[in-house]
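Per UniProt numbering, the sequence shown starts with residue 1, numbered consecutively. Virtual Cβ for every residue (Gly too), placed ideally from N, Cα, C. Computed from a predicted structure; not experimentally measured. Down below is the structure, laid out as structure tokens.
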Amino acid sequence: MILKLAIASLWNRKLTVTLTVLSIAVGVFLLLGVEHIRSEAKSSFSKTVSGVDLIVGARTGPLNLLLYSVFHIGNASNNISWQSYREFSQKPEVAWSIPISLGDSHKGYRVVGTSRDFFEHFHYGQKQNLVFRSGRAFDGVYEAVVGAQVAKTLDYQPGQSITLAHGIAKVGFSKHDDKPFIVTGILAPTGTPVDQAVYVSLAGIEAIHIDWQGGVRILGRSIGAEDALKHDLTPKSITAFMVGLNSKISLFSLQREINNYRDEALVGIMPGITLMELWQMVGALENILQLISILVLFATLMGLSTMLLASMKEREREMAVLRAIGAHAGSLFFLIEIEALVITITGILVGSTALCIALLTTRAELSEQYGLFIGINPFTPLTFQYLLGILAVSFSLALLPSISAYRNSLGSGLVVRT
């Protein structure tokens, strides 16, 4: 009966209640959204690369090397020579190595020049192997493998012809249209930046640039696709390379050797440690965003308490009628508390639903533009703790208007006005 009375009373004040519900929904949306994106981004970053002991590139900051070699964000300060790569990849303690050459794109997606070892030795998540959804790895010079997101967005299938472009702009004007590539395989989704790249051989990268210099085509010199195959397509330089070791014991000694290499300025980083450093840097920002979200929601709940308290004067006749028909003073106390909880629960439902819809509609955009693979289910054990905390705070803040209603109902001045 009290619940029915609470709902009927709220409906009678539907305009004010609706605004309060919407303000709580905004606070819930912000709090749960920040928490969900934070946890999903951290999970997405941590599972991007697995089983790689070292990443080696031209001397730069560890974070910069990690971002451009693994996440395809930013650019390398310099390349490293093919001779240096061969020297370290052939060391006895090295089990495998994956060369990486960056600098080209296809319709806004990065083109990664590499070897077939990439599909065999690169792992993500809990050392999960890359799997082909259809087709196979590249074998010829003008063959390409595309990630799952690229294939989905551009509707590619094995056998299609694609053209690469110089640079990483969304719209490429310097195209290598005289040397098209054939898609031979499509990778299965991984939830990592692997899904958003096109993979070709290092020889393919050399072939399309054989008549280019300094980022532009050499005037008066045009070498066709077939003629390019007659040239030596051994790379002169690459952007970076990944290393897997036979034994973890040799990790620090090889890293020290790379960092002290005299012939070229190189740096070797451990991706796991660098990822931890990355999250330590953004940890303060995470805490600030969380604090802002909590304060916004708390201010909204304070507004709920204020709204209920301000309505006490207007509801004197309502309370008097309830007392006249036999309602106990304690019933009026619980009536106000139930109203507060009904408003809060409705706000939580509206905010959570809006968040799910927002995640569903922006998921593709986040993955394409920022490499963030966000799940559409924001509910976790921590999320439910937040929601229970919101209800507890709402109940506590509603104590003041509830106690006010209780005390007024006991006063001799509360009578039915006719």
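Local Cβ density within 10 Å of V415, reported as buried at 16 or more and exposed below that: The predicted model places V415 with a pLDDT of 43, which falls under 50 and marks its position as unreliable; any figure quoted below should be read in that light. When all chains shown are included, V415 counts as exposed.
Can you tell me whether E277 is buried or exposed, with buried defined as 16 or more other CB within 10 angstroms of its CB? Exposed, by the Cβ-count rule.
DSSP state of Y386 mapped onto helix, strand, coil: Here Y386 sits in helix by DSSP.
Cα-Cα separation between V342 and I7, rounded to whole angstroms: Between the alpha carbons of V342 and I7 lies a gap of roughly 8 Å.
Proximity test, Cβ basis, 9 Å: R256 and chain E: Among the chains in the structure shown there is no chain E, since it carries only a single protein chain.
By DSSP's criteria, Q213 is part of a beta bridge. Which residues make up the other side? DSSP lists V216 as partners of Q213.
Just reading off the beta strand (DSSP E) that D227 is part of, what are its end residues? Element bounds for D227: not the beta strand (DSSP E) but the alpha helix (DSSP H), 225-228.
According to DSSP, is K4 part of a helix, a strand, or is it coil? It is helical.
Give the DSSP bridge partners of H166, in chain order. For H166, which the question treats as bridged, DSSP gives the partners D104.
Quickly, what does DSSP pair E143 with across the bridge? List them, please. In the DSSP output, where bridge partners are listed per residue, E143 has I182.
Measuring straight from C-alpha to C-alpha, what distance separates F384 and G375? Cα to Cα, F384 sits roughly 17 Å from G375.
According to DSSP, is L65 helix, strand or coil? In the three-state scheme derived from DSSP, where H, G and I count as helix and E and B as strand, L65 is classed as helix.
Per DSSP, which residues does I238 bridge with? Please list them. Its beta-bridge partners are I80.
DSSP-derived helix/strand/coil call for G74: Under the three-state reduction of DSSP output, G74 falls in the coil class, being neither helix nor strand.
Taking just the CA atoms, how far does R407 sit from G413? Unreliable positioning characterises G413 in this predicted model, as indicated by a pLDDT of 42, which lies under 50. The coordinate reading is nonetheless provided below. About 11 Å.
DSSP state of R136, grouped into three classes? In the three-state reduction of the DSSP assignment, R136 falls in the coil class.
Alpha carbons only, please: which of D139, S105, E40 is nearest the one belonging to R116? Of the candidates D139, S105, E40, the one whose C-alpha sits nearest the C-alpha of R116 is D139.
For the alpha helix (DSSP H) holding S46, just list the boundary residues, first then last. Judged by DSSP secondary structure, S46 falls within the alpha helix (DSSP H) whose first and last residues are 14-46.
Closest by CA to Q157, which one among A188, G74, R110? Out of A188, G74, R110, A188 has the C-alpha closest to the C-alpha of Q157.
Is the segment 110-124 in contact with the segment 260-275, if contact means three or more CB pairs nearer than 8 Å? Note that the segment 110-124 does not touch the segment 260-275; fewer than 3 beta-carbon pairs, one per stretch, sit closer than 8 Å.
Quick check: the Cα distance between R417 and L10, rounded to an integer number of angstroms? Here the model assigns R417 a pLDDT of 43, short of 50, so the residue's position is not dependable, and the following value carries that caveat. Distance between the alpha carbons of R417 and L10 is about 22 Å.
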